[in-house]
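Engineer: First the structure, which I've put down as structure tokens, then a few questions once you've had a look.
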Amino acid sequence: MIHPLEALTEQPLREGEYRKDGLVYCAACHTPRQRMMNLGERVFWVRCLCRCQTEKREAEEAAARQREFWDRVAANRSVGLSEPALRQFTFANDKGYNPEIRVAKKYAEHWEEMEREASGLLFWGGVGTGKTYLAGCIANALLDQGVTVMMTNFSRVLSDLPGMFSGDRNRYLDSFNRFRLLIIDDFGAERSSEFALEQVFNIIDGRTRARKPLIVTTNLSLPELKHPDSLAKARIYDRLLERCVPVRVHNRNLRQENAQAQLQRVKKLLE
Numbered sequence: 727m728i729h730p731l732e733a734l735t736e737q738p739l740r741e742g743e744y745r746k747d748g749l750v751y752c753a754a755c756h757t758p759r760q761r762m763m764n765l766g767e768r769v770f771w772v773r774c775l776c777r778c779q780t781e782k783r784e785a786e787e788a789a790a791r792q793r794e795f796w797d798r799v800a801a802n803r804s805v806g807l808s809e810p811a812l813r814q815f816t817f818a819n820d821k822g823y824n825p826e827i828r829v830a831k832k833y834a835e836h837w838e839e840m841e842r843e844a845s846g847l848l849f850w851g852g853v854g855t856g857k858t859y860l861a862g863c864i865a866n867a868l869l870d871q872g873v874t875v876m877m878t879n880f881s882r883v884l885s886d887l888p889g890m891f892s893g894d895r896n897r898y899l900d901s902f903n904r905f906r907l908l909i910i911d912d913f914g915a916e917r918s919s920e921f922a923l924e925q926v927f928n929i930i931d932g933r934t935r936a937r938k939p940l941i942v943t944t945n946l947s948l949p950e951l952k953h954p955d956s957l958a959k960a961r962i963y964d965r966l967l968e969r970c971v972p973v974r975v976h977n978r979n980l981r982q983e984n985a986q987a988q989l990q991r992v993k994k995l996l997e
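Written as structure tokens, this is what we have:
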């Protein structure tokens, strides 16, 4: 009968290996690539990973997990930010126009606490002052962390509802609660029919009841939100102010200024 260690010596070595005490070792890290197993009276020789092979496998698995993570981020971004322009609204691209950017950064930095408290923001101010940009920065920062975010507006939501059966409509409205953060842009620009206001209330009330955070941008002033002209609007605005911290965006009309600057560049090219 051949002794187990004698049998080991008969097994061929692979490139970068050597034998020590009857076991196969890695020539690079000098740790075993083989170990003995005793099962009763029988002895088995099992290949195992040396230290450098283990480190390589762990690095490959980490890289695979990282690729999977960024694939999910890309998929979430394509769903949550359907308008490609919104994907450029990032803290890294900020030009320093909005001092309120610090509030947006703080919100993203303290996201876990904001989510736990179901706390949101309400960016309000004049047209073109950068409210959408601030909300988009938060959206992109959280998406990069793997958080699911939906950024939309009620005009788009309401245009999807006609023709839906009651059950489908309810499922569609409930689907917004699948996202950890919902951002409603340009709130107040949608039509104010009885049907529209009811659906707007259902979405905002649904977020409140589900204790999920909501961020809203609006051209409405804070006095208008605090003193609405109808009971239907009062129900909606009350829900918003219950969970969203009002942040006034004081900036000048950046959209108008950017448009003027672009026109000037075009004029120079045509001179």
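The sequence shown begins at 727 in the numbering used here and counts up one residue at a time.
Beta carbons are placed, not taken as given, at the ideal position from N, Cα and C, and that holds for glycine.
Looking at the secondary structure, which residues open and close the beta strand (DSSP E) in which PHE849 lies?
Structural biologist: PHE849 -> beta strand (DSSP E) spans 846 to 850.
Engineer: Going by C-alpha distance, which of PHE905, ASN764, GLU950, LYS821 is nearest LEU967?
Structural biologist: Minimum Cα distance to LEU967 is reached at GLU950.
Engineer: What three-state label does DSSP hand TYR823 in the structure shown?
Structural biologist: Reduced to three states, the DSSP call for TYR823 is coil.
Engineer: Counting Cβ pairs closer than 8 Å, one from the region 841 to 851 and one from the region 770 to 777, do we hit at least three?
Structural biologist: As far as the Cβ criterion goes, the region 841 to 851 does not touch the region 770 to 777, which means the pair count is below three.
Engineer: Classify PHE817 as helix, strand or coil using the three-state DSSP reduction.
Structural biologist: Helix at PHE817.
Engineer: Output needed for GLU826: all residues of its chain with C-beta closer than 7 Å, excluding positions within five of it in sequence on either side, in chain order.
Structural biologist: The answer, listed in chain order, is LEU860, VAL973, VAL975.
Engineer: Is LEU884 near the ligand PLP, in the sense that its beta carbon is under 7 Å from a heavy atom of that ligand?
Structural biologist: The model depicted lacks the ligand PLP and carries no ligand whatsoever.
Engineer: Roughly how many angstroms separate the alpha carbons of GLY742 and HIS756, rounded to a whole number?
Structural biologist: The alpha-carbon atoms of GLY742 and HIS756 are separated by roughly 10 Å.
Engineer: Whole angstroms are fine: how far does the CA of ASN903 sit from the CA of GLY932?
Structural biologist: Spanning the two alpha carbons is a distance of roughly 7 Å.
Engineer: Mind checking ARG740: buried by the 16 CB within 10 Å criterion, or exposed?
Structural biologist: With fewer than 16 other Cβ atoms within 10 Å, it is exposed.
Engineer: So, under 8 Å CB-CB, PHE905 and GLY806 are touching, yes? Tell me the CB distance rounded to an integer number of Å.
Structural biologist: Indeed they touch by this definition, with Cβ atoms about 7 Å apart.
Engineer: Could you pull the DSSP bridge partners for TYR833 from this structure?
Structural biologist: Per DSSP, none; premise fails for TYR833.
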